[in-house]
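J.: At position 38 of the sequence shown (counting the first as 1) the number is 37 in numbering that gives the first Met the number 0, and the numbers step up by one without a gap.
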Amino acid sequence: MLLDMADGYVEQNRSLDKRKNLLRGRTVVNLFFENSTRTRTSFELAGKRLGADVINMQVSASSVQKGETLIDTAMTLNAMHLDVLVVRHPDSGAVKLLSEKVNCAVINGGDGSHEHPTQALLDALTIRRRKGRLSGLTVAICGDVLHSRVARSNIHLLNVMGARVRLVGPRTLLPSQVERMGVEVFHDMRAGLEDVDVVMMLRIQNERMRGNFIPSIREYFHFFGLDYDKLALAKPDAVIMHPGPMNRGVEIDSDVADDVERSLIREQVEMGVAVRMACLHALAGPLPNADGGA
Ligand code: NCD
Numbered sequence: 000m001l002l003d004m005a006d007g008y009v010e011q012n013r014s015l016d017k018r019k020n021l022l023r024g025r026t027v028v029n030l031f032f033e034n035s036t037r038t039r040t041s042f043e044l045a046g047k048r049l050g051a052d053v054i055n056m057q058v059s060a061s062s063v064q065k066g067e068t069l070i071d072t073a074m075t076l077n078a079m080h081l082d083v084l085v086v087r088h089p090d091s092g093a094v095k096l097l098s099e100k101v102n103c104a105v106i107n108g109g110d111g112s113h114e115h116p117t118q119a120l121l122d123a124l125t126i127r128r129r130k131g132r133l134s135g136l137t138v139a140i141c142g143d144v145l146h147s148r149v150a151r152s153n154i155h156l157l158n159v160m161g162a163r164v165r166l167v168g169p170r171t172l173l174p175s176q177v178e179r180m181g182v183e184v185f186h187d188m189r190a191g192l193e194d195v196d197v198v199m200m201l202r203i204q205n206e207r208m209r210g211n212f213i214p215s216i217r218e219y220f221h222f223f224g225l226d227y228d229k230l231a232l233a234k235p236d237a238v239i240m241h242p243g244p245m246n247r248g249v250e251i252d253s254d255v256a257d258d259v260e261r262s263l264i265r266e267q268v269e270m271g272v273a274v275r276m277a278c279l280h281a282l283a284g285p286l287p288n289a290d291g292g293a
């Protein structure tokens, strides 16, 4: 499965020779309609380390600003014989729509507040490597769940892998009827963190908010920011995660984020490259002109 394959790529990435030729001759395009640091860079590294040609399209500077539609952009790229298209878009569902119009494989690099599947995979890999398993663990996903594609993808994957998922946040930042997704809901951070194995913090996504969702940053940090006081309620060996970028002092205390024993935030970034290599391998590796060679 993808996580096992990614484990192998972690080793490759830690060695001096990081490059294999599995995807030689393949073209991977990163089509990003939204800013990204980690996701775009890690897909680029992943493609290059597998020997593919990787192109980054910074869409703010492209013809979409000249009025070209999403579909026209897709058709244009399609004509260039890509093998894999990685797409990030501010609208939920846009990546699926685009995938129906092109012949190549499409990977969702995050669509609106909907899904971010490779983030969930890298989070699962990070947890599994530290804890040895996912099944039976309790994971608290805390903060701005309403606007978070990371949360939605994690809820799906963690449930499939047999973990128990809790959502913790103020009523204004939790989607209505979210219990239907198979999670337990808490509006009190201390209650929500009690005895959990993993504390996954989410960024307050101001750019997706229309209106006021929190009274003030100070108050938000007081009730929902992760500090050592609240963390003390989790299991003694509970780990801390955050998909980045972090708002230090808003959803997470700086010292907690940098805690070398308990924070897995840097590991998450490392696992991001390995997981994306596994995804590219799974999608583009088996194509007919694969040389299969490592
Ligand atoms: C996340 C995203 O873009 O959805 N970041 C990421 O991919 N590492 C989370 C976020 O922006 O808060």
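By construction, the Cβ of each residue, glycine as well, lies at the ideal position given by its N, Cα and C atoms.
Everything numeric in this text was worked out from a predicted model, so none of it was measured.
(1) Count the other C-beta atoms from every protein chain shown that fall within 10 angstroms of the C-beta of A293, then say buried if there are 16 or more, exposed otherwise.
(2) Quick check on Q176: buried or exposed, where buried means 16 or more other Cβ atoms within 10 Å of its Cβ?
(3) Do R37 and A283 have their C-beta atoms closer together than 8 Å?
(4) Please list the terminal residues of the continuous beta strand (DSSP E) segment that includes C141.
(5) Which runs of the alpha helix (DSSP H) at least 4 residues long sit entirely within the segment 87-151? Give them in chain order.
(6) Is the segment 198-216 touching the segment 127-142, taking contact as three or more C-beta pairs under 8 Å?
(7) Going straight from the alpha carbon of R217 to that of P242, what length do you get?
(8) Which residues bound the beta strand (DSSP E) around V177?
(9) Does the distance between the C-beta of R148 and the nearest non-hydrogen atom of the ligand NCD fall short of 7 Å?
(10) Below 7 Å, is the gap between the Cβ of H115 and the nearest heavy atom of the ligand NCD?
(11) Which residues in the same chain have their Cβ closer than 6 Å to the Cβ of R163, if we skip the five residues on either side of it in sequence?
(12) Under the criterion of a Cβ to heavy atom distance below 7 Å, does G135 qualify as lining the ligand NCD?
T.: Taking the structure as given:
(1) The residue you call residue 293 lines up with position 294 of the sequence shown. The pLDDT assigned to A293 is 38, lower than 50, so where the model puts this residue is not dependable; a value taken from the coordinates is nonetheless given after this. Classification of A293: exposed, given that the 10 Å Cβ count is below 16.
(2) Residue 176 sits at position 177 when you count from the first residue of the sequence shown. Under this definition Q176 is an exposed residue.
(3) Here residue 37 corresponds to residue number 38 of the sequence shown, with the count starting at 1. Here residue 283 corresponds to residue number 284 of the sequence shown, with the count starting at 1. No, they are not a contact pair.
(4) For the purposes of this step, residue 141 is identified with residue 142 of the sequence shown, where counting begins at 1. Its beta strand (DSSP E) spans residues T137 to C141.
(5) 93-98 and 116-130
(6) yes
(7) Within the sequence shown, numbered from 1, the residue matching residue 217 stands at position 218. Within the sequence shown, numbered from 1, the residue matching residue 242 stands at position 243. R217 and P242: Cα-Cα distance of roughly 22 Å.
(8) Working through the sequence shown from its first residue, we reach residue 177 at position 178. Careful: V177 lies outside any beta strand (DSSP E) and carries neither H nor E.
(9) Reading the sequence shown from its first residue, position 149 is the one you call residue 148. At least one heavy atom of the ligand NCD is nearer than 7 Å to the Cβ of R148, so yes.
(10) Within the sequence shown, residue 115 is the residue found at index 116, counting from 1. Because some heavy atom of the ligand NCD lies under 7 Å away, the Cβ of H115 counts as near it: yes.
(11) On the sequence shown, residue 163 is found 164 positions in, with the first residue counted as 1. Closer than 6 Å at the Cβ level, and outside the excluded window around R163, lie T137.
(12) Here residue 135 corresponds to residue number 136 of the sequence shown, with the count starting at 1. Answer for G135: no, Cβ out of range of the ligand NCD.
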